[in-house]
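Below is one structure, written out as structure tokens; comments come after it.
There are 2 protein chains.
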Amino acid sequence: MAAKVTIADVARAAGVSASTASVVFSGKIKVSDETAARVRAAAAELGYRGPDPRAASLRTGRSGIVGVVMSSSLRTAFLDPIAIATMDGIATSVAPLGAGILLLRDDGRTPAATEVPLDAAVLFGTHSENPELVENLVERGIPVVAVEGDPAWGVPVISLDNTEAQAQLAHHIAGLGHRNVAVVSLRWGPTTEPGFVSPASTPVIDVTRERLAGVREVFENPNVFSARGSSVDFGIEAANAILDRYQPTAILAQSDLLAAGVIRAATERGLSVPKDLSVTGFDGVAVDGLAPYQLTTMHQPAYDKGRAVGDAIARLLEGEKAPSVRFTCTFRPGNTTAPPAHSSVN
Amino acid sequence: MAAKVTIADVARAAGVSASTASVVFSGKIKVSDETAARVRAAAAELGYRGPDPRAASLRTGRSGIVGVVMSSSLRTAFLDPIAIATMDGIATSVAPLGAGILLLRDDGRTPAATEVPLDAAVLFGTHSENPELVENLVERGIPVVAVEGDPAWGVPVISLDNTEAQAQLAHHIAGLGHRNVAVVSLRWGPTTEPGFVSPASTPVIDVTRERLAGVREVFENPNVFSARGSSVDFGIEAANAILDRYQPTAILAQSDLLAAGVIRAATERGLSVPKDLSVTGFDGVAVDGLAPYQLTTMHQPAYDKGRAVGDAIARLLEGEKAPSVRFTCTFRPGNTTAPPAHSSVN
DNA sequence: TTGTAAGCGTTATCAG
DNA sequence: CTGATAACGCTTACAA
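Going down the list, the protein sequences come from chains E and Z. Numbering-wise, the first sequence is residues 42 to 387 according to the numbering used here. Numbering-wise, the second sequence is residues 42 to 387 according to the numbering used here.
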């Protein structure tokens, strides 16, 4: 536990100046092999482990940290495979920038994004609640990129063609002849309870709203059950509520996890999928344990979305403008949709 | 985009010294309301958003960042609900320290843990491969805590009574009268392919080894299939391989996810659980969509393990010693185990 | 190729 | 309660 040894100590021991020693470690300028060796030897001798990142980051203005601001707990956020894939994409794409991912929440339960040495910040999910955060970050000169948020903030937004994609699924269902469909939606608002929602109501959460709009382009007035979130169990809950009350020939779920739950609930009631009930998902993730069903769904390029975030950050860090990017989902037919049976099973 | 405004600018504008202005923002020392107001007004005027975290962290020696070093990709790590719960616990317990979680890997695909301003580091999973990292961190005076690792490094380890817990499950199965059991294990080594393993082989990964030892305390020579990792689908794969070759009356899976896959595979083959096949898990997580089965399993306090990590960090940061902690799993009986049928179904 | 000088923006300490 | 002073440990023009 010797007192802290600094680069100056190393330089002194090696008989060179601090700047030379610094350069030996950063490798940014050529140093004669001989002096470099001397510096390294001195460092080893003194137990110097390389520059202190704190001091380096003050000097260079870079910390190697990209903050990802989420609006929910870690546990909740990472329940969603899409969130994980996106994060993975972000992590991968910022790695070449020499950066890592710092998990932050915007509710005061973690250090504020403004109290941590960030090189850039990613707004993950809906943050419409908290425009001051964005403003603060931007005024500090910290590049900000949003995933699936409100483009109004003037920051680049990496998003999806949610409405069009969901409409495509709805058209597929309509084309098969279905007229009587129901929707299992994602969370309506940040704190909304699950349940049926009135046709007049509009979802607060962007993704929910956009996807629902896609269904409504095709089906006038579907019954909508807003789930507690995206999971198989919530899908089961929603499907049971729907099937207790209505006899739709198709259910459009706003996520694959929810769809898997719908299938589970339907088959447990003795309904055959897709003969008695067609089911569609959204996301195109591999739902663990769903086999032998293959969901008819829209695949979203979550990982690529994450990579786009990193690209945008890189651009912003260079002082360039970064454009918003809207990714396109692709239709993935499975074996969970079919024309409706002529008569209701009931 | 005015040039960067510093606390000195604010102080000057407010007609006070920089130190006074600093104290207004940190709140660590009393300042007269009047001067405080003047400083704040000046800050607002100039668009000063508070101290630069980089400079503050150099000066104070604290960055508010706890690094979590994982050995796999984000995607892989977060597939496991236990990992998520543990991370959640860590995030929660370091929050009061004013810290957030920085996701790091030890394979050069993210900034090295040594290049980032960490207040502390958590080694997540097996890091036996990389003792230099630990050494480097420790020499820098950065507190290190390990989750489920090798206690040999001299850092506190937060772990589980894996062997005893698994043995408890094995005794439960033996007590029901089972004599012919098989095991679905977690990954054998960091890069091992799935498959049956020879009785002589010992797992490289700590958790796998410890849990297997628990089974072997009770059952001499079970057939062991090492899965590709912890997921329902890998469990299905493993169970099918086992049931193709053997007729065990019970399968002990090393995770709940694997156990869920075993159940799925078994029921798809027409075996009834638990009548024809008893199945146990490990972890005690709520497996999404497993209902109506309730796994007989050991519950591990993953979240609390995470909290213990935070506690250890807090202690280390105070300069105290932090003890290693070994958590105890609790038996959770479900409806997936029963005495073996008198004759094989086959 | 190496050294000199000048901060990066803050905050702890201590005196007033 | 406020101010002066001195670091925190490093990097980077620029000069030699």
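We put the CB at the ideal spot given by N, CA and C, even for glycine. Fair warning: this is a prediction, and the values are worked out from it, not measured in the lab.
(1) DSSP state of phenylalanine 165/E, grouped into three classes?
(2) Kindly identify the DSSP beta-bridge partner or partners of histidine 219/Z.
(3) Measuring alpha carbon to alpha carbon, tell me which of Asp247/Z, Thr204/Z, Leu144/Z and Val273/Z ends up nearest isoleucine 300/Z.
(4) What separation, rounded to the nearest whole angstrom, lies between the Cα atoms of alanine 215/E and proline 315/E?
(5) Indicate the three-state DSSP secondary structure (helix, strand or coil) for glycine 322/Z in the structure shown.
(6) Thinking just about the alpha-carbon of each residue, which of Glu156/Z, Thr61/Z and Ala78/Z is nearest to the one in lysine 69/Z?
(7) Per DSSP, which one or two residues make a beta bridge with glycine 108/Z?
(8) Which two residues bound the contiguous alpha helix (DSSP H) that contains phenylalanine 66/E?
(9) Is the segment 304-318 of chain E in contact with the segment 238-246 of chain E, if contact means three or more CB pairs nearer than 8 Å?
(10) State buried or exposed for alanine 280/Z, treating a residue as buried only when at least 16 other CB atoms are found within 10 Å of its CB.
(11) Mind checking serine 271/Z: buried by the 16 CB within 10 Å criterion, or exposed?
(12) Closest Cβ-Cβ distance between proline 342/Z and chain E: below 9 Å?
(13) If we ignore side chains and look at the alpha-carbon of each, how far apart do leucine 164/E and alanine 118/E end up?
(14) With a threshold of 16 other CB atoms inside 10 Å of the CB of glutamate 147/Z, please say whether the residue is buried or exposed.
(15) Can you tell me which residues form a DSSP beta bridge with serine 338/E?
(16) Should glutamate 156/Z be flagged as near chain E, meaning a C-beta pair shorter than 9 Å?
(17) Return helix, strand or coil for leucine 210/Z, following the three-state DSSP convention.
(18) First and last residue of the alpha helix (DSSP H) that includes arginine 81/E?
(19) Short of 8 Å in beta carbon distance, which residues of its chain neighbour threonine 204/Z, apart from the five on each side in sequence? Order them along the chain.
(20) Please confirm if the segment 145-161 of chain E is in contact with the segment 96-107 of chain E, defined as three or more CB-CB distances below 8 Å between the two stretches.
(21) Which partner residues of phenylalanine 388/E appear in the DSSP bridge assignment?
(22) Any beta-carbon of chain Z closer than 9 Å to the one on aspartate 285/E?
(23) By the DSSP assignment, the alpha helix (DSSP H) with isoleucine 354/E in it spans what residues?
(24) Using a Cβ distance threshold of 8 Å, determine whether the segment 182-200 of chain E contacts the segment 223-241 of chain E, with at least three qualifying pairs required.
(25) Can you check DSSP and say which residues form a bridge with valine 185/E?
(26) Measure the CB-CB distance between threonine 337/Z and glycine 375/Z and report whether it falls below 9 Å.
(27) When the Cα atoms are used, what is the spatial distance from leucine 87/Z to threonine 133/Z?
(28) For serine 58/Z, I'd like the list of residues in its chain whose CB is within less than 7 Å of its CB, leaving aside the five on either flank, ordered along the chain.
(29) Taking proline 333/E as the reference, which of Arg305/Z, Arg367/Z, Ala126/Z and Glu189/Z has the closest Cα?
(30) Note down, in chain order, all residues in the segment 322-356 of chain Z with a beta-carbon under 7 Å from any beta-carbon belonging to chain E.
(31) For threonine 133/E, decide whether its Cβ has a neighbour in chain Z, counting only Cβ atoms nearer than 9 Å.
(32) May I ask you to report which of helix, strand or coil DSSP gives leucine 293/E?
(33) Is there a C-beta anywhere in chain Z that falls below 9 Å from the one on serine 73/E?
(34) Taking all protein chains shown into account, decide if proline 263/Z is buried (16 or more other Cβ within 10 angstroms of its Cβ) or exposed.
(35) Looking at valine 222/Z and proline 289/Z, is the spacing between their C-beta atoms short of 9 Å?
(36) Could you spell out where the beta strand (DSSP E) holding phenylalanine 266/Z opens and where it closes?
Here's the rundown:
(1) strand
(2) Per DSSP, none; premise fails for histidine 219/Z.
(3) Rather than isoleucine, the amino acid found at residue 300/Z in this sequence is alanine. The shortest C-alpha separation from alanine 300/Z is found at Val273/Z.
(4) 14 Å
(5) coil
(6) Thr61/Z
(7) Leu143/Z and Ala162/Z
(8) 59-67
(9) no
(10) buried
(11) buried
(12) no
(13) 13 Å
(14) At residue 147/Z the sequence reads aspartate, which differs from the glutamate that was named. Buried, because 16 or more other Cβ atoms sit within 10 Å of the Cβ of aspartate 147/Z.
(15) Note that residue 338/E is threonine in the sequence shown, not serine. In DSSP, threonine 338/E forms a bridge with Arg373/E.
(16) yes
(17) helix
(18) 74-87
(19) Glu251, Arg252, Ala254, Gly255 and Glu258
(20) yes
(21) The structure shown does not extend to residue 388/E, since chain E spans only 42 to 387, so no value can be given for it.
(22) no
(23) 343-358
(24) no
(25) Ala162/E
(26) yes
(27) 36 Å
(28) Ala52
(29) Arg305/Z
(30) Asp329 and Gly330
(31) yes
(32) strand
(33) no
(34) buried
(35) yes
(36) 264-267
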